[in-house]
Structure formats: C-alpha cells, structure tokens
Amino acid sequence: MRRLVVLALLLTACGAQPVQQAASTSLTWAIETQPITLNPHLWAQNKARLLVFNQFDALVSRAEDGSFQPWLATSWKVSDDELTYTFELRDDVTFHDGTTFDAAAVKANLDQFRESGYNPAVAAIQLRAFDKAEVVSPTTVKITLKEPDGLFLDFLASPLAGQVSPKSLREAKDVRFGGPDLVGTGPFILDRYVQGQEIHYRRNPAYKWPPAGAGHQGPAHLSEITYRFLPEAAVRVGALTSGQVQVIEGVPATEVTLIEQDPGLTLTTALNSGTAFSYYFNTDHAPFDDQRVRQAFREAVDLDAVLKAVYQGTATRAWSVVGKASPFYDASLERTFGGDAAKANALLDEAGWKQRDAEGFRVKAGKRLTVRSVSAAPYVRDRRDVLAQAIQAQVKQSAGIDFQVKIVDQGTAQKAVDDNAYEIFENSRGDSDVGAALNLILPRDGAINRTRFTDPQVERWLGQASATSDQAKRKELYTKVQRAVVTEKAIVFPIYVPADQIAAQKSVQGLGFDPGSGTPASAYDVRIGT
0 MRRLVVLALL LTACGAQPVQ QAASTSLTWA IETQPITLNP HLWAQNKARL LVFNQFDALV
60 SRAEDGSFQP WLATSWKVSD DELTYTFELR DDVTFHDGTT FDAAAVKANL DQFRESGYNP
120 AVAAIQLRAF DKAEVVSPTT VKITLKEPDG LFLDFLASPL AGQVSPKSLR EAKDVRFGGP
180 DLVGTGPFIL DRYVQGQEIH YRRNPAYKWP PAGAGHQGPA HLSEITYRFL PEAAVRVGAL
240 TSGQVQVIEG VPATEVTLIE QDPGLTLTTA LNSGTAFSYY FNTDHAPFDD QRVRQAFREA
300 VDLDAVLKAV YQGTATRAWS VVGKASPFYD ASLERTFGGD AAKANALLDE AGWKQRDAEG
360 FRVKAGKRLT VRSVSAAPYV RDRRDVLAQA IQAQVKQSAG IDFQVKIVDQ GTAQKAVDDN
420 AYEIFENSRG DSDVGAALNL ILPRDGAINR TRFTDPQVER WLGQASATSD QAKRKELYTK
480 VQRAVVTEKA IVFPIYVPAD QIAAQKSVQG LGFDPGSGTP ASAYDVRIGT
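Next comes the structure, spelled out in structure tokens:
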C-alpha cells in the first residue's frame, strides 16, 4: 500500500485555537439565492454552497494549497494501483439525530447514489469509477474503484459527499429536498425552513470535529444563524446598511463604492474555481451548426465594454471555459477572439446570411438569424439578466443577430432543453476541480452537454486526465481540451469568471471563503466582536 496521507487530528493542529466556552450570539445573513434542495447529495447551486457545510461534514477537506486534509476521516491509504482507498474514521462523531457516524454510514451514503434516478449526473461522472464500499471495522472503510480516478478525492471533499444520517435517509419525508429531517454531523442544526423567506440554524453543542485548518476547535461561536432570502441586490444592501442584517453575499457592482466608503462595513471578494460563466452554443441545428456563425457571435460582442458597463470594472473577463482561478487555466487563449465587428459581419456574409429584414436583422432563405437562450430563474445570479440584455443589444447593432433571452421557471427551462428549443445555454460551475465540470459539459453523453457537440479526441483527453493524479499531466491534457473547444471548434463563448463578495458589519469576524471553491465558507468560524 502506498501511503498518500496520514494526518492525525490534534486539538492544536494547524494553528487552531483551544476550545473556549461558546457564547450566546446570533447572526442574520442575507443571501441572493434560495436553495432548490437542502440535500447535499443533490446540491447544484454554487450560491447555496455556504449552507451545506453548516449542516454536513465531508470525509476530507481542501486546504489553501489544494491538498486534501483530514475531516471525518483521520487518515487514508491508497493502493499502488490506485484502485483501493482505505479510510480511518473518527470514533467520536454523532449525527444530529443521535445516531453514530461510522464506516457503515459512509457505505450507506455512497450506496445511496446507486438508487435509480437519485443523482444520475454524479453517478455518471464523480462516481463513474466507484465499485463498492466495504465496512472493515466501525472506524475503517475500504472503497474500491473499477479504474483509477484522479477526481475521487475531490468528490469526497465536495458538498456532494456531505455525510447524511442513514436513518434520516430512510425516514425523511422528502429526501430529495431535505430540510430539518435530513440531518448531518455539522456545526449547525437546521431547525427551520420557510420557503421564500429564510432558513434558520442553531449551534450543535456536541460539535468537536472541524476540518484540519479550522480557526478554532469545539462548537461554533454563534449560537444561531438566520439566512434570509433576498434576491434583489438593492434590497440586500439596504438591509445591511440599515442594520436589519449583519452580513450579505452577492454585492452588485453598482453598490461596491457605497460599501467601501462606509467605515462601519467591510467588503471581501474571491474568484470562484471551476468553469467560467459562458455561453455554450447548440451545434445540433442552425444557425450554430455552422462554426462561422459561432465565431461571428463572439466577434460581434465588445465584451470588455459590456462587462465594464454591467459590472463597472469589477468583473474578470474570461478567455476559456476553465476559470482563471483554476490551476489548469490556459492563459495562452487570452486575447485570441472577440470584439471584431468587421470580422463578425464577414463571417456571416460567408455563411450566407447576407440579407437584412426591415428591423435590421440578418435573414437567409426567408428565415431570420435568431438565437434563443432559456434560463431557469433559480440559477440566474450576478446580474446575468442585465448582462444578456447588453449582449443582445451588441449583437443586433454590430451584426444583425436576433438574440432572444428568456428567464423562466425550472420546468419550462427543462422543456426547452428536452425539445432542443434553444441555441445558447448559459452556465458556470463552481467545482473545486474543474475536471468534474468538464466531464459533465463536454462529452457526448455528459449530463449537461447542451452543445450537442461530440469529439472523440476531446473525450479521450478528458478520460486520460481523470484517470491520473499527476497534476502536470492533467494540465497538459486540459490545455488541449481548452484549445479544442474554445479556439479550434468555437463551441463556447467565455464571458466572465464568477466571484463571490461578502459585505458585513465590522463587528463580524471570521468570515472567509472556501479554499476549494472560492465561495463563502460555512459559519463555523464566524463570531461577533474582536
């Protein structure tokens, strides 16, 4: 057996502070996005990630340097063929329902993903190599893979691998949504959820198993925390400046100066990991079955001007499907496309879209050059609706493209996908390892492959990258993937690198960002006062 990590969880390890008597303090935090599920296994909204690790813990965690560190697992070994992972578990952990966390619980959580229709995307990507989990002893679990998987530890450190009480998995009224009766081992206990209004957590007094690198040991500093759902940016900022809430996330560019100039407030920001926010072109039918039209759409947009207008200089332009915060980002793609209206028009002329109708839109064979984007409202963040309107105006003015934008409910958005009734798919993913996102988006059978694009060579590169833990080799392979989909095939229009912002009253301490994702961290280390 090759020893990968063996780290004991010591009380004073990693600079953690000694256990102190927990004070009775409460906090109210306004968030932009209401979760569509509170079940960590089904988590999909990057903006809701901060809630997951309040209630649930994972086997391992990510450190600032990208390494994997102990959490509910104290150590692990990997076999020389990288097919067997043996985890040693803490023996002092209990779920919120009083049941014991042990190897049987880990097995039950992994086996849950085998349930038909439970989370087919995770089963097909993050757990594609998973073969079986075996209970060796109450504190030892052996996990066998069918083939080496360089993404497996990343999965075990993600919200998707948050450990859920097997008892609550069996007995919860609504397993798919979760809620108060689906419980974990985390520092906070979910005790109230009011749809459209708020979610409330109270401190878990028994908590003493934070991940390595946590700022303190023992129970959370806060006795309770309420997250209020305030989707309107101006309302969130107003709630903070008026003292109705003490923390907000999702600070719009229009309000940054107001926050920065207030001596009683603080503002911090971090780029997200994973993929950039991009427009993915549906190559299955006209007009984006023609690469020239795909390239023309990108060239028709002066993206620097658009981002400056919408985000007032606070957005980071994207040049690749891979976000700039990822170690696999290919910087050579920068300034290789976009913003050339003359080139856009020449490409469209060449593609046969030479005529214009009375409204100035290009037509061919009596059909207008129309492209549609249909987005589900729960996933719209960061003023993406305003961004789409700005791009809509640019492509019409610069090249005569009719870009139609719709923001609808989830059911309507899914129907558009099922009916292939769209030309642009908007997406960003906050996976800590971008390989997971690329495997969901780019392969022919990828769970969210909305481009309908297929390239056997790209799929081979993705498979090779997933099968190795050699980071240099993975970077080489993902560089090839990026150049293929961004430059050679032009199936994606990278727009900006998502970021998260936290604004708070200065009395609130311990706020930070998850080192794996760049999203706001859980409230475990948050405290009020100096």
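When we follow the working numbering, the leftmost residue of the sequence shown carries the number 0, and every step to the right adds one. Glycine included, C-beta positions come from ideal geometry on N, C-alpha and C. These figures come from a predicted structure and were not determined experimentally.
Three-state secondary structure (DSSP) of residue i
i    : result
Y117 : coil
Y192 : strand
V507 : strand
S164 : coil
V496 : strand
Y279 : strand
R526 : strand
F296 : helix
D91  : coil
I440 : helix
T478 : helix
P34  : coil
D148 : coil
P535 : Here the chain covers residues 0 to 529 and nothing more, so residue 535 does not appear.
F176 : coil
T486 : helix
V182 : coil
D401 : strand
Selection from the options that minimises the alpha carbon distance to residue i
i    : options                : result
D408 : E31, T27, I35          : I35
T32  : Q125, G195, K207       : G195
A132 : K145, V121, I124, A120 : K145
Y477 : G434, T467, A503       : G434
T93  : Q162, L37, Q125        : Q162
K488 : W75, N281, A330, Q500  : N281
V404 : F424, N419, P262, A72  : F424
R530 : T335, A392, D401       : An answer regarding residue 530 cannot be provided, because it is not within the stretch 0 to 529 covered by the chain.
C-beta contact flag for residue i and residue j at 7 Å
i    : j    : result
F100 : T184 : yes
V491 : Y279 : yes
K323 : V121 : no
W352 : K363 : yes
V578 : Y421 : Since the first and last residues shown for the chain are 0 and 529, residue 578 lies out of range.
A314 : L306 : yes
S272 : G517 : yes
L155 : V59  : yes
T268 : Q44  : no
A295 : A343 : yes
G515 : S431 : yes
G249 : L37  : no
L82  : I224 : no
A252 : Y310 : yes
R361 : G399 : yes
Paired residues, beta bridge with residue i - DSSP
i    : result
Y200 : L189, I224
T143 : T83, K131
A406 : The residue asked about is misnamed: residue 406 is Ile in this sequence, not Ala. Looking at the DSSP assignment, I406 forms a beta bridge with S374.
A502 : I247, L266
E425 : Y278
F52  : Paired residue(s): none; F52 is not in a bridge.
R316 : Y495
K366 : K363
P69  : V59
A568 : The structure shown does not extend to residue 568, since the chain is modelled only from 0 through 529, so no value can be given for it.
R355 : R361
F512 : P519
T99  : T93
V234 : None; V234 has no bridge partner.
S331 : Answer is none; S331 lacks a bridge partner.
Own chain residues within Cβ distance below 7 Å of residue i, not counting five before or after
i    : result
L461 : L437, N438, L441, P442, V480
Q20  : The predicted position of Q20 is uncertain, since its pLDDT is 46 and thus under 50; no value can be drawn from it.
A123 : A446
T453 : R443
R449 : Y279, N281, V416, F424
beta-carbon residue i near the ligand MN non-hydrogen atom, thresh 6 Å
i    : result
K131 : Among the components of this structure there are no ligands whatsoever, and the ligand MN is therefore not found.
Same chain, Cβ closer than 6 Å to residue i, five either side skipped, listed in chain order
i    : result
R526 : H220, Q508, G509
L332 : W318, S319, V485
Q290 : A489
I198 : Y192, Y226
E63  : P514
K414 : none
Neighbourhood of residue i by C-beta distance below 8 Å, restricted to the same chain and skipping five residues each side
i    : result
V140 : T85, F86, L88, A102, V105, K106, A132, E133, V134
A238 : A29, R227, L229, V244, I247
D110 : A132
D80  : P147
S167 : F94, D96, D180, L181, V182
D261 : T240
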